[in-house]
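Numbering (this note's numbering), first residue to last: -13 to 190.
Positions of the beta carbon are idealized from the N, C-alpha and C atoms, including for glycine.
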């Protein structure tokens, strides 16, 4: 139940946050909406894959804590980061340089604006896959050792910053590009928090 409550709260907040961000995106017209819709699908493929690896790290951590082998958790963190980077780096490069052709698979009417929006989104987010992947590994360890409050703090910070900066930056000269910039901001600050929380734990 302790694990379930944060997950339910997280899902609820993500849903509300997505509704707010979607509303901001919708204000920029149908082509921007189409470009975002296509690019977020590609983005979610990566995040889902990295999250699955993070869940594996969580199970690994819980097993080693249960077996009273906390030192192996540190080894798991290093191995986990290498693993997610091994997956994330090629995908980041693929999306950054080849996103245009991948977007054609998801765009029914690839107008210049829709395509440009999708390319812009992927080029802003993809370099930060290496950042958010490290967060997902640290999050896995925090969940595995039962530090759900710290996990929630980092995760909610990411979500709140994403919504706040999407609202703020979209009203500047950046326009829709400002919305895409909110992802790296949230990811980066939340990653620092997760890793600091992890390093605060005595796992010797």
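Checklist entry - Is residue -13 helix, strand or coil when you go by DSSP? => result Its pLDDT being 48, under 50, residue -13 is placed unreliably by the model, and the measurement read from it follows with that caveat. The answer is coil: DSSP assigns residue -13 none of H, G, I, E or B.
Next on the checklist: Below 8 Å, how does it come out for the region 143 to 163 and the region 60 to 73: are there three or more Cβ pairs, yes or no?
Outcome noted: Cβ pair count under 8 Å is below three, so no.
Next on the checklist: Would residue 111 and residue 100 qualify as a contact pair, given that the criterion is a beta-carbon distance under 7 Å?
Outcome noted: Taking 7 Å as the Cβ cut-off, residue 111 and residue 100 do not qualify as a contacting pair.
Checklist entry - Which runs of the beta strand (DSSP E) fall wholly inside the region 2 to 37 and span at least 3 residues, in chain order? => result Complete beta strand (DSSP E) runs here, min 3: none at all.
Next on the checklist: Between residue 127 and residue 59, how many whole angstroms is the CB-CB distance? I'm expecting something under 8 Å.
Outcome noted: With 8 Å as the limit, residue 127 and residue 59 qualify as a contact, their Cβ atoms being about 6 Å apart.
Checklist entry - Roughly how many angstroms separate the alpha carbons of residue 160 and residue 18, rounded to a whole number? => result Going by the C-alpha atoms only, they are around 14 Å apart.
Next on the checklist: I'd like the list of long-range same chain contacts for residue 129, defined as Cβ closer than 6 Å, with 5 residues on each side in sequence excluded.
Outcome noted: Closer than 6 Å at Cβ, skipping near neighbours: 44 and 137.
Next on the checklist: Does the contact criterion of 3 or more C-beta pairs under 8 Å hold for the region -2 to 6 versus the region 35 to 43?
Outcome noted: No contact exists between the region -2 to 6 and the region 35 to 43.
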